[in-house]
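This report concerns only the one structure given below.
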Amino acid sequence: MAEQVFRYRWLVVGILILALGTVPIWGSEYFLLFFLLFCLYAGMAQMWNLLIGYSGLLSLGQQAFIGFSGYTVAMLTTYYGVYVWLSVLIGGFSSVLLAMFMSLFIFRMKGMHFAIGTWIFAEILLLWFSNWKFVKYGTGLFIKPASPPSMTTIYYAAFIAGLGATVVVYLILRSRIGLGLMAMRDNEEVSETMGVNVFWSKFFCFLVSAFMTGITAGILYVFQIFIQPYKAFGIDWTIILTVSVIIGGIGTIEGPILGSLIYILLSQWLAEYAHLSLLFLGLIAITIILVAPKGIMGSLQEKTGFQILSARRR
Amino acid sequence: MEILVQQVLNGILLGGLYAVIAIGMSTMIGIVKLINLAHGDLMILSSYLSLVFMSWLGINPFWSFLAVVPAMFFIGYFVQAFLFNRVLGKEMEPPLLVAFGLSVILQNFLLLVFTPDARSLMTDLAVMTIPLGKSLNLPVLYLVDFLIGVGVILALHVFFKRSYMGRAIRAASDDDQGARLMGVNTKGIYSYAMGISMMTAGVAGILVGMTFTFYPHTGPQYLIIGFGVVIIGGLGSMIGTLIGGFILAEAQLLGAQFVGPGYQLLIGYLVLLIVLAVRPQGIFGKA
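Same order as they appear, the protein sequences are chains A and B. Residues 1 to 314 in this note's numbering are what the first sequence lists, from first letter to last. Residues 1 to 287 in this note's numbering are what the second sequence lists, from first letter to last.
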C-alpha cells in the first residue's frame, strides 16, 4: 500500500494541488472561504515548522512578522495608495528587515531564551503600535486599497502563498542547506566541525520564514480588511501555529498542512465557542506530545513508511 | 523632585514583588532546566483560587495564603509528575510545548469559569499610605508586597542552603546521573522543586491580585516580567533576582514618568533587550 502510494505520489500531489487551485470554479462561497483560510494557515504553519522542525529554532514570535507585515500593507494601501499586491510584497520584505534587526539581539540567545526573546519582540511591537498615533493607536486601521481585489483574486493569492511556502520548504530541504540542517538537527557540534555553517543556515531559514510569513499575513489582512494591534501581534497566532504543527507532525512537510486542515475544521465546528476550541486544541496538543510526540504524519511515517513528499534523496 | 523620589521608592518596592514572581521561574530553570511557560498562568490561577476562598469563607486575602499556598504546592507537584517529567529528555522542545499547551488550557479554562471581567482581591491596605514628606507617601500595600517578597526569597535561600531536601534538590540538579546512581529518585525531586516553585507563585499570585487587577489573560504579561527579571539578574543568584526585580521595576516606572504612561511596559522590555544584547548571561550570572 505504502509502496504504491509512493509510486504514484506525484499524481496524488498533482490532483490535490489541481483541486485546491480550482476551488473558485467548483466550490461554493463557503468552500472558497474555508480553503482560503486553509491555504493561509498552512503557509504560516509551514514556515513555523521550517524553524522548529528543521532549524532547531523555537519561535514564539511569529506574530511579530504577521502584525508588522499586516500593518505595512495597511499603511501603504490606505495612506499612500500603493497597489495592493505590491504592498503585500513590500510587507514581506519589511518582515525580512524586521527579522534582520531582531537577529542582532536574539541570535545571541539559544534554545529557550531564543523562544522568549522572539516573543518579547512581538510584545514590544504590540505596545509600539498601540501607542502610535499614525496608526490610530489600539483602535486599528481599515485597509482600503484604491481598487479592492475580488474574493477570487484573493483566493488565488492565498493559494500561491500556501503552495509557495510548501515548495520553498521542500526546495530548501533538498538543497545543500537542507542537508546541513538535518546534520545540524542531529548533532550541532559535530555538524559544525564537519563544515556546516550553523549560524548562516539558521539565519537563512529565519529570514525565509519571516518573508513568507509576512507575505501570507499581508494577503490575510487584505482579505480581512481590518487590522488591530492586540489581534495582529497577539500570542494567539503562535498558539494556533504551534498546535497545528504539533498535531500534524513536527519536522514533516505534510504535517503542517494536515494540522492546519484539522485546526480550521475544528475552529469552524466550534465557531460559536471560541474559547472552547482553544481549550480543546491545548488538550489535544498536550495529549499528542505525551502519546505520539511526532504527530500524526510523523507517527505514520515511523510505523508504515508512508510519506508523500520525501525530502530524502532516493 | 518629590515625584521622582516617589517613583524611585515605588520602583524599589515593586521590585520586591517582581522578584517573587521570578524566583519560582528561576528555580525551575536552574534545577530542572525547564522554562515553565505556564508560570504566569499558574500564578494567575492562584489569584483566582484566593478569590474563591475569600468569597466562600468571607476571609481577607492574607488568610487565603494558608489555603492557596499549600494547594499550589500540590498543583505544582502533580503538574510536574504527570506532565513535565514524562517529556524531560535530551530535546528542549517537548517540555516547552507542553508548558505552552498548559498555558492555553489554563487561560481558556479561567475565561470559561470566571468570565473576562477584571477582578481584584479587595483589601483595606490598598488605600493606606504612610506620609514621608510634603507629597511623598509610602503606599502600605507596596511595602507589604516588598516585605513578603524579600521574606520569600530569604526563606528559599535558607531552604536550599541548609535543609536536607534543599541540598538533595541541588545535588539532583548538579549531576542528574550521579544522583540517580546514588539512589536518588531525581524525577521525584523535580516534582518537589516544582511544588516549591508553585508555592512562590501562589504567594506572588495573591500579592499581584491585591495590588493590581487581573484577568484570565494576564498570565503571559507576568511570565514576561518574571523572565525579564531572571535575564537581567542572571540565573541561580538570589541576590541577582532581587536586583533584577528592582532594575525592571525602576525602568518601567521611570519610563512611565519620563516618556508617558503608555510606554511603561515598553521601556521595561527595551532594558531587557539591551541586557540580553550586552550581557546575555545576566548581570549577576556566571558566563
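No residue lacks a Cβ here, since even glycine has one placed at the ideal position from N, Cα and C. Quick caveat, the model's predicted, so the values are computed rather than measured.
C-beta contact flag for residue i and residue j at 8 Å
{"i": "A:M184", "j": "A:G56", "result": "yes"}
{"i": "A:L58", "j": "B:V87", "result": "no"}
{"i": "A:A115", "j": "A:S244", "result": "no"}
{"i": "B:M305", "j": "A:M112", "result": "Because chain B is modelled from 1 through 287, residue 305 of chain B falls outside the range shown and cannot be assessed."}
{"i": "B:V208", "j": "B:S103", "result": "no"}
{"i": "A:L50", "j": "A:V208", "result": "yes"}
{"i": "B:L223", "j": "B:G282", "result": "no"}
{"i": "A:L127", "j": "A:A64", "result": "no"}
{"i": "B:I206", "j": "B:V52", "result": "no"}
{"i": "B:L9", "j": "B:L147", "result": "no"}
{"i": "A:L281", "j": "A:L266", "result": "yes"}
{"i": "A:G43", "j": "A:G162", "result": "yes"}
Residue i CB to nearest heavy atom of the ligand ATP below 7 Å
{"i": "A:I284", "result": "Of ligands this structure carries none, so the ligand ATP is not represented either."}
Whole-angstrom distance between residue j and residue i, CA atom to CA atom
{"i": "A:E192", "j": "A:V198", "result": "6 Å"}
{"i": "A:F13", "j": "A:L33", "result": "Checking the displayed sequence, the identity of residue 13 of chain A turns out to be Val instead of Phe. Near 22 Å, if we compare the C-alpha coordinates of A:L33 and A:V13."}
{"i": "B:R167", "j": "A:R108", "result": "33 Å"}
{"i": "B:G40", "j": "B:V98", "result": "15 Å"}
{"i": "B:I239", "j": "B:Q257", "result": "27 Å"}
{"i": "A:L104", "j": "B:V278", "result": "11 Å"}
{"i": "B:F214", "j": "B:A204", "result": "13 Å"}
{"i": "A:F206", "j": "A:G305", "result": "30 Å"}
{"i": "B:I35", "j": "B:F227", "result": "9 Å"}
{"i": "B:A305", "j": "B:I231", "result": "Chain B is shown from 1 up to 287; residue 305 of chain B falls before or after that span and cannot be answered."}
{"i": "B:I247", "j": "B:I274", "result": "12 Å"}
{"i": "B:P70", "j": "B:M199", "result": "7 Å"}
{"i": "B:P131", "j": "B:A22", "result": "30 Å"}
{"i": "A:I262", "j": "A:L270", "result": "12 Å"}
{"i": "B:L143", "j": "B:M210", "result": "12 Å"}
{"i": "A:I17", "j": "A:W10", "result": "10 Å"}
{"i": "B:L49", "j": "A:S28", "result": "49 Å"}
{"i": "B:P289", "j": "A:R176", "result": "The structure shown does not extend to residue 289 of chain B, since chain B spans only 1 to 287, so no value can be given for it."}
{"i": "A:G298", "j": "B:I105", "result": "24 Å"}
{"i": "A:E272", "j": "A:R174", "result": "42 Å"}
{"i": "A:L370", "j": "A:A165", "result": "Outside the shown range of chain A (1 to 314) lies residue 370 of chain A, about which nothing can therefore be said."}
{"i": "A:A146", "j": "A:T77", "result": "7 Å"}
{"i": "B:I169", "j": "B:Q221", "result": "29 Å"}
Outcome for residue i when other beta-carbon atoms lying within 10 angstroms are tallied against a minimum of 16
{"i": "B:S26", "result": "buried"}
{"i": "A:F142", "result": "exposed"}
{"i": "A:I264", "result": "buried"}
{"i": "B:M165", "result": "exposed"}
{"i": "B:Q107", "result": "buried"}
{"i": "A:M100", "result": "exposed"}
{"i": "B:A19", "result": "buried"}
{"i": "A:F31", "result": "exposed"}
{"i": "A:Y230", "result": "exposed"}
{"i": "A:F226", "result": "exposed"}
{"i": "A:E123", "result": "buried"}
{"i": "A:G195", "result": "exposed"}
{"i": "A:R314", "result": "Here A:R314 scores only 43 on pLDDT, less than 50, and its place in the model should not be relied on; the value that follows carries that caveat. Exposed, because fewer than 16 other Cβ atoms sit within 10 Å of the Cβ of A:R314."}
{"i": "A:I120", "result": "buried"}
{"i": "A:G67", "result": "buried"}
{"i": "B:P293", "result": "Residue 293 of chain B lies beyond the residue range present for chain B, which begins at 1 and ends at 287; the question has no answer from this structure."}
{"i": "B:F82", "result": "exposed"}
Proximity to residue i [Cα-Cα], best of the options
{"i": "B:I326", "options": "B:L136, B:V68, B:I231", "result": "Nothing can be reported for residue 326 of chain B, as the shown portion of chain B is limited to 1 through 287."}
{"i": "B:L17", "options": "B:F109, B:L66, B:G245, B:M128", "result": "B:G245"}
{"i": "A:G21", "options": "A:G248, A:I160, A:V135, A:F211", "result": "A:I160"}
{"i": "A:I106", "options": "A:L300, A:E189, A:K202, A:A274", "result": "A:K202"}
{"i": "A:T238", "options": "A:G27, A:I25, A:Q62", "result": "A:Q62"}
{"i": "A:P148", "options": "A:V84, A:P229, A:V96", "result": "A:V84"}
{"i": "A:Y79", "options": "A:F134, A:K110, A:T213", "result": "A:F134"}
{"i": "B:F212", "options": "B:M43, B:L265, B:R119", "result": "B:R119"}
{"i": "B:T129", "options": "B:Q264, B:L141, B:Y263, B:F82", "result": "B:L141"}
{"i": "B:L276", "options": "A:M102, A:F93, A:G178", "result": "A:M102"}
{"i": "B:I189", "options": "B:N85, B:G233, B:E250", "result": "B:N85"}
{"i": "B:G11", "options": "B:L45, B:L96, B:E250", "result": "B:E250"}
{"i": "A:V96", "options": "A:T77, A:S69, A:T118, A:G117", "result": "A:S69"}
{"i": "A:Q228", "options": "A:T118, A:Y137, A:I25", "result": "A:Y137"}
### Message
Closer than 8 Å is the cut-off here; do at least three beta carbon pairs connect the stretch 191-204 of chain B with the stretch 73-80 of chain B?
### Response
yes
### Query
Can you find at least 3 beta carbon pairs, one from the stretch 87-104 of chain A and one from the stretch 61-79 of chain A, that sit closer than 8 Å?
yes
### Query
At a cut of 8 Å, does the stretch 210-230 of chain A reach the stretch 149-160 of chain A through at least three beta carbon pairs?
yes
### Query
Do the stretch 175-184 of chain B and the stretch 57-73 of chain B touch if we need at least three Cβ pairs shorter than 8 Å?
no
### Query
Is the stretch 21-35 of chain B close to the stretch 268-276 of chain B, with three or more CB pairs under 8 Å?
no
### Query
Are at least three pairs of beta-carbons, each pair with one atom in the stretch 153-164 of chain B and one in the stretch 226-243 of chain B, less than 8 Å apart?
yes
### Query
Does the count of Cβ pairs from the stretch 286-302 of chain A and the stretch 253-273 of chain A closer than 8 Å reach three?
yes
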